[in-house]
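Student: Going down the list, the protein sequences come from chains A and B.
If you're matching positions, the first sequence starts at -6 in the working numbering and goes up one per residue.
If you're matching positions, the second sequence starts at 216 in the working numbering and goes up one per residue.
By construction, the Cβ of each residue, glycine as well, lies at the ideal position given by its N, Cα and C atoms.
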Amino acid sequence: MTAPLLELRTVRKDFALGQGLFAKRRILTALDGIDLSIAPGETLALVGESGCGKSTLGRIVAGLMPATAGEILFDGHPPARGKARARQIQIVMQDPFGALNPKMSVGELIAEPALLHGLVTRGTTPARVAELLSLVGLPEGVAPRYPHALSGGQRQRVAIARALATDPKLIVADEAVSALDVSVQAQIANLLKDIQARTGVSLLFISHGLSLVHHISDRVAVMYLGRIVEDGPTADLFARPRHPYTRALISATPEPVPGSSADRMHLTGEVPSPLALPSGCRFRTRCPHATDICAEVDPPRTAEGAAHVACHLAHRLPAYQSQTPEPAPRLQQAIALYRAAAARLDAA
Amino acid sequence: MTDLPAGEIPAGSSSRTWRRMRRNPAMAIGVTVLTAVVFFALIGPMISPYDPYDTALRMRLKPPSAAHWLGTDSQGRDLATRLMYGARTTLMLGLAGVAFAALTGGAIGLLAAFYKRLDNPLMRLIDVLLSFPSILFGLSLAAMMGPGLHSLILAIGLSIMPGIARISRGAALSVMAQDFMDGGRVIGLPDVTLMRRYLLANAYAPILTYVTLAFGDAVLLAAALGFLGLGLQPPTAELGSIAAEGRSFLFIAPHVSFAASALIFLIVLPVNMLGDTLRDAADRRAS
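1) Could you tell me which chain B residues have their CB closer than 8 Å to the CB of D88(A), listed as they occur along the chain?
2) Is it buried or exposed for G399(B), if we count other Cβ within 10 angstroms and need 16 for buried?
3) What three-state label does DSSP hand I467(B) in the structure shown?
4) Taking 8 Å as the threshold (C-beta atoms), are D167(A) and M86(A) in contact?
5) Step through the CB atoms of chain A and report whether any lies within less than 8 Å of the CB of A241(B).
6) For the putative contact between L257(B) and R303(B), defined by C-beta atoms under 8 Å, what is the C-beta separation to the nearest angstrom?
7) In whole angstroms, give me the CA-to-CA distance for Y313(A) and G146(A).
8) Please name the residue, chosen from T287(B), P260(B) and S280(B), that lies closest to R273(B) on a Cα-to-Cα basis.
9) Pairs of beta-carbons, one from the region 38 to 53 of chain A and one from the region 192 to 202 of chain A, closer than 8 Å: are there three or more?
10) With which residues is Q81(A) paired in a DSSP beta bridge?
11) Does DSSP put F254(B) in a helix, in a strand, or in coil?
12) Counting along the chain, where does the beta strand (DSSP E) carrying P336(B) start and finish?
13) Near P271(A), which residues of its chain fall below 8 Å by C-beta distance, leaving aside the five closest residues on each side in sequence?
14) In three-state DSSP terms, what is H207(A)?
15) Identify the continuous beta strand (DSSP E) that holds A282(B) and give its terminal residues.
16) Whole angstroms are fine: how far does the CA of I402(B) sit from the CA of T408(B)?
17) In three-state DSSP terms, what is H141(A)?
18) Quick one: is the Cβ of G193(A) within less than 7 Å of any heavy atom of the ligand GDP?
19) Does V290(A) come out as helix, strand or coil in the three-state DSSP assignment?
20) Between the C-alpha atoms of S263(B) and Y300(B), what's the straight-line distance to the nearest angstrom?
21) Could you spell out the range, first to last residue, of the alpha helix (DSSP H) harbouring M359(B)?
22) For the alpha helix (DSSP H) containing M376(B), name the first residue and the last one.
23) Going by alpha carbons, who is nearest to D62(A) out of D28(A), E35(A) and R337(A)?
24) Taking 8 Å as the cut-off, decide whether the C-beta atoms of R235(A) and E223(A) are in contact.
25) Could you pull the DSSP bridge partners for S263(B) from this structure?
26) If you measure from the beta carbon of N487(B) to each beta carbon in chain A, is any gap under 8 Å?
27) Output needed for L344(B): all residues of its chain with C-beta closer than 6 Å, excluding positions within five of it in sequence on either side, in chain order.
28) With 9 Å as the limit, tell me which residues of the region 72 to 84 of chain A have their beta carbon closer than that to any beta carbon of chain B; keep them in chain order.
29) If we ignore side chains and look at the alpha-carbon of each, how far apart do L125(A) and L249(B) end up?
30) So, does the CB of N257(B) fall closer than 8 Å to a CB anywhere in chain A?
31) Measure the C-alpha to C-alpha separation of R235(B) and L364(B) and round it to an integer number of angstroms.
32) Look up Y217(A) in the DSSP assignment and give the residues it is bridged to.
33) May I have the straight-line CA-CA distance separating Q180(A) from K47(A), to the nearest angstrom?
34) So, V313(B) versus I375(B), is the Cβ gap smaller than 8 Å?
35) Where Y425(B) and A241(B) are concerned, what is the direct C-alpha to C-alpha distance, given to the nearest angstrom?
36) Taking only the alpha-carbon atoms, compute the straight-line gap between G11(A) and Q178(A) and give it to the nearest angstrom.
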C-alpha cells in the first residue's frame, strides 16, 4: 500500500453548547476517535445520516475548523497553516446557490485563487480560466457571467473549477451533488471522476446516501453518530456489509426495479442525541440484532481483511443477501396483466 | 447542461434596485429639491453681491425687498447670503458627521460580525453610546473640548454612529452565514480581502440606505446644536444659529427664523425621501 496522502488519527471534535451567562455548558462530541486515510488519487466516500458528523469532518480536513484532539497528517506532515493549505486541500460545498460570491463574475471567481497564489500572471489569467472552464465542461462564454445567471449544475461546475485552480492534492466534496437534480447529480459525479482521472487528485466524497457512491468511490467509510462504524473497499462493502447499519443504508438505497428487494431492512426510531449517547455500542438502540453485550461494551474497530468494522456481532449476523435485482416476478406479472387488459380493450 | 440561455447578461440585483428607484416619484422630487438646495449653498456665495458678515445697523430686520430678497437680519446683514453660507456650513457639518459615523460605525459593525470574539465588547460599547441622548452628548463634548468645528463633528458623528454600527453588524452577520465566506477562506484569502471583497461587497446596500437616512439626522442635529448655541460661534453663519438669532425678533421680523427653518426642512425632507426610496427599492418584499 502506498503512503497515504491524508491520514486522520483519533480525531475528535467537541462543540461547547450553552454559551449564555446562566446556561449550563454542555459538550457535544461531533466526532469521536476518527481514523481515516486517503491514498493519492483515491476516492473515499464518507457516508452517513444527517448529523452524524460527516460535514464536520470535511470542514476539519479543509481547515475551516480545528479539531479538538487527534492528529491530522498530510503527506506525512501536519497540513500547512493559513494560505499554503489552500494549495493542498480544497472543498466543494453542498449549496451551489450560496457557495459563490454573487458580486464576482465566473471569470473572477476562477481567477481569484490562481492569482492569490501567484500561479498565473495578469497576462496568463484568461488562458488559465479558459482551461479550467473547459476542464469542468463549461464554455468560455460563461466567464463574464455572474453566478445568479447560471443553473445549479453550472454553478457547481464553477465551484469545482475554483477548487481546481490552486492545483490541490485533495478535494473534499461535501455533499457536492446532493442539492442538484438527479440527472445533474450523475453528471457532476462523472465530472469529478473524470477530473480525477486527468489530474490524479484525491477525493473525499461526502454523501448521505449510497446511490452514487457505488460508482464513484474506491473505498467507503460509513459514519454513525461521530464514529466510523465500517470502512472498506467499495465492491467488498456492497457485496458483504458487515455492520448492521451499513446493511440498513444499502437497503435504503432506491432500487431501479421495484419489488426486487423483498427483505428490506427498515431502521426504526430516531438517531439518538449526541448529547445523550447510548451506553456500549452507539447503534444498539436501533439495531435489530442488538444483544446484552452491545449495551455494555463499546465495540472496538477490528480489521477484516482490507476492511474495518466496529460491531460485536459482525461474525454472528445472518448471511447477507445480495440485493442485486433478480428479475422482479411481481412486476413482470403486473406488466403482463396490463398488456392483456390493453389488448382486450383494443379488440373491443 | 452547459448551453446557456441566449441574450444579454441578465441584470444584476443592483440595477434592478436602480430601475425600481427611478419609477418612484419621491425619488425625482427628492433629487430635484436637494440639487436646488446644494446649488443654493455652493453657487450662491459666488454670485451674491453681499458679504455675510457686513453689518449695516440702519438696515436691521428689513422685510424682503428687491435689494434683499429675503430681507435682513438683526445686524442688517443680507439674510439670503447668510442662509447660503449657513446652508453650506450645515451641509458640511452633516456630511462630515455622517462620514465619520459611517467609517467608524461601519468598521465596528463589520469587525463585530467578522470576529466573533470582538462582537460582545464592541456591541456593549455601542450600547453605552446609544444610552446617551445626542443633545447631552453634544453639550458634554462642547464643554470638554470647547465649542468648535472638531468637537461639533465628533458630537454629531458619535451620536449617529451607534445606529450605523448596529445596522452594519446585522447586515454583515447575514452575509457571514453564507457558504461563500468559507469559500473565500478555503482558497486562503487574507481577512482584509475577505472583509472587503466578500463581506462588505455583499452587505453594503442596507448600510448605504441607513447612512442616507442618517445624513438627514446629522443635518438636523447640527442645526439643533447650533440653535442651542453649542455649534459654531457667531458670527459664523449656520442655519441653526441663524434660526436662534431670529427667535428674539420672532414677532417683529418672523422672516429670519422662518427662512432658516424652512431651509433646514428643505435639506432634511428630500434626504429622507431619498433614503426611503432606497430602502423600498432594496427591499424586495415591498414591490
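Tutor: Let me spell this out:
1) D394
2) buried
3) coil
4) yes
5) no
6) 7 Å
7) 37 Å
8) T287(B)
9) yes
10) Paired residue(s): none; Q81(A) is not in a bridge.
11) helix
12) Careful: P336(B) lies outside any beta strand (DSSP E), inside the alpha helix (DSSP H) at K331 to L345.
13) P265, R277, T278 and A288
14) helix
15) From DSSP, A282(B) is part of no beta strand (DSSP E); its letter is neither H nor E.
16) 12 Å
17) helix
18) The ligand GDP is not part of this structure, which contains no ligands at all.
19) coil
20) 10 Å
21) S349 to M360
22) L364 to M391
23) Looking at the sequence provided, one finds Ala at residue 62(A) rather than Asp. Closest option to A62(A), Cα to Cα, is D28(A).
24) yes
25) Answer is none; S263(B) lacks a bridge partner.
26) no
27) P377
28) G75, K76, A77, R78, A79, R80, I82, Q83 and I84
29) 50 Å
30) Note on identity: in this sequence residue 257(B) is Leu, with Asn being the wrong assignment. No - not a single Cβ of chain A is within 8 Å of the one on L257(B).
31) 39 Å
32) R220(A)
33) 23 Å
34) yes
35) 17 Å
36) 38 Å
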